[in-house]
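Residue numbers (this note's numbering): 118 to 416.
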């Protein structure tokens, strides 16, 4: 897209000088960080102010402060430089092919099985890509994603966080309920959503809830116990401390004599997919998502 005639532009080095001065609010410290003279810093800022026709910094002998316009420019340039850095990283990654590491976190046995199969397929096609798959803790799974400890995470969709991108739905699972073997529901063939209000529902401390689960929990008259791991959830249910919403097929992976699993006839299914940090998007991530999608397409 062509820029309007006369529109002001900012070069990359000018961005760097402006942003560091906006952080330090001191010409001397800015010059030291950039290994430039204070005169060069001052000249650059004056040149930007002439180009834009506005004052970006209020300067006195005692202090340097951003003007309102300067603060807006700082925020805009932070976003622009982040996008430039990400674009450079993606271009470099494309040039390297899929060489590098990729760590995938999963929650739930079915998701783990799919991730392991996708990793094996991608590893066979691209042996230069070092892929590892591991179970992520319910409590801190998204924290691991934000920190970069993992690059991809299986979750229930949708995820409403602007920092994350998400894949299309990879698979769905009917929603069910896990109850203690002695629970009054245990002898039933199935239950309905209305039954859940009196089911003594437990919930993860900070873990994954989709919109439907979250809205249901918020509407309960009394919150139930909380758990932090799947094993803790199973132990608490088996001990009779509560029941929990789970994928209906959980009995295939977590069958226990002290727990009964029931389908919920009128509840919507769970929808599973992958999320990743938008800022960290690269070809390895996209290739892994495609590998997962191809496996689910095959059935």
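A virtual CB, placed ideally from N, CA and C, is assigned to each residue, including glycine.
Residue i, DSSP secondary structure in three states
| i | result |
| --- | --- |
| residue 178 | coil |
| residue 224 | coil |
| residue 350 | helix |
| residue 299 | coil |
| residue 160 | helix |
| residue 217 | strand |
| residue 274 | coil |
| residue 183 | strand |
| residue 408 | helix |
| residue 145 | helix |
| residue 233 | helix |
| residue 413 | helix |
| residue 128 | coil |
| residue 136 | helix |
| residue 120 | Any answer about residue 120 is weak, because its pLDDT of 47 lies below 50 and its placement is not dependable; what the coordinates show is given next. The answer is coil: DSSP assigns residue 120 none of H, G, I, E or B. |
| residue 153 | coil |
| residue 165 | helix |
| residue 203 | helix |
| residue 239 | helix |
| residue 194 | helix |
Sequence-distant residues of the same chain with beta carbon closer than 7 Å to residue i, five excluded per side
| i | result |
| --- | --- |
| residue 184 | 172, 173, 174 and 175 |
| residue 350 | 319, 344 and 361 |
| residue 355 | 297, 373, 375 and 376 |
| residue 368 | 378 |
Among the options, nearest to residue i - alpha-carbon criterion
| i | options | result |
| --- | --- | --- |
| residue 329 | 322, 344, 293 and 302 | 293 |
| residue 336 | 317, 368, 346 and 222 | 317 |
| residue 382 | 277, 130 and 313 | 313 |
| residue 409 | 231, 162 and 389 | 231 |
| residue 400 | 223, 270 and 217 | 217 |
| residue 224 | 193, 235 and 250 | 250 |
| residue 380 | 333, 388, 307 and 154 | 307 |
| residue 257 | 346, 396 and 204 | 346 |
| residue 190 | 281, 321 and 131 | 131 |
| residue 326 | 236, 242, 387 and 205 | 387 |
| residue 166 | 186, 142 and 152 | 186 |
| residue 348 | 309, 371 and 268 | 371 |
| residue 264 | 163, 394 and 407 | 394 |
| residue 280 | 244, 259 and 384 | 259 |
| residue 323 | 300, 385, 253 and 240 | 253 |
| residue 301 | 359, 288, 246 and 332 | 359 |
| residue 332 | 208, 179, 364 and 385 | 385 |
Residues near residue i by beta carbon distance below 6 Å, same chain, minus five either side
| i | result |
| --- | --- |
| residue 276 | 283 and 392 |
| residue 377 | 296, 298 and 303 |
| residue 221 | 232, 250 and 269 |
| residue 118 | Confidence is the limiting factor: at residue 118 the pLDDT is only 44, short of 50, which leaves the residue's position unreliable, though a coordinate-based value still follows. Counting only Cβ-Cβ distances below 6 Å, and skipping sequence neighbours, we find nothing. |
| residue 203 | 396 |
| residue 309 | 382 and 383 |
| residue 267 | 220, 222 and 261 |
| residue 278 | none |
Contact set for residue i: own chain, Cβ-Cβ below 8 Å, skip 5 residues either direction
| i | result |
| --- | --- |
| residue 159 | 144 |
| residue 148 | 154, 155, 157 and 158 |
| residue 201 | 129 |
| residue 286 | 274, 388, 389 and 390 |
| residue 120 | Model confidence at residue 120 stands at a pLDDT of 47, short of 50, so the residue's coordinates are unreliable; what they give is reported in the following sentence. Counting only Cβ-Cβ distances below 8 Å, and skipping sequence neighbours, we find 126. |
| residue 141 | 147 and 150 |
| residue 340 | 320 and 334 |
| residue 338 | 314 |
Supposed close pair residue i, residue j - CB separation, criterion 8 Å
| i | j | result |
| --- | --- | --- |
| residue 134 | residue 161 | 5 Å |
| residue 219 | residue 248 | 5 Å |
| residue 342 | residue 334 | Not confirmed; about 12 Å, so no contact. |
| residue 397 | residue 199 | Actually they do not touch by this definition, with Cβ atoms about 11 Å apart. |
| residue 290 | residue 366 | 6 Å |
| residue 405 | residue 235 | 6 Å |
| residue 136 | residue 194 | 6 Å |
| residue 215 | residue 245 | 6 Å |
Exercise. At 4 residues or longer, and completely inside the region 337 to 406: list those alpha helix (DSSP H) runs for me, N to C.
Key: 347 to 355 and 367 to 371
Quiz item: Fully enclosed by the region 276 to 334, which beta strand (DSSP E) runs are 3 residues long or longer?
Solution: Within the region 276 to 334, the complete beta strand (DSSP E) runs of at least 3 residues are 281 to 283, 288 to 290 and 292 to 297.
Self-check item: Complete runs of the beta strand (DSSP E) confined to the region 241 to 273 [at least 3 residues]
Solution: Within the region 241 to 273, the runs of beta strand (DSSP E) that reach at least 3 residues and sit entirely inside it are, in chain order, 246 to 252 and 269 to 273.
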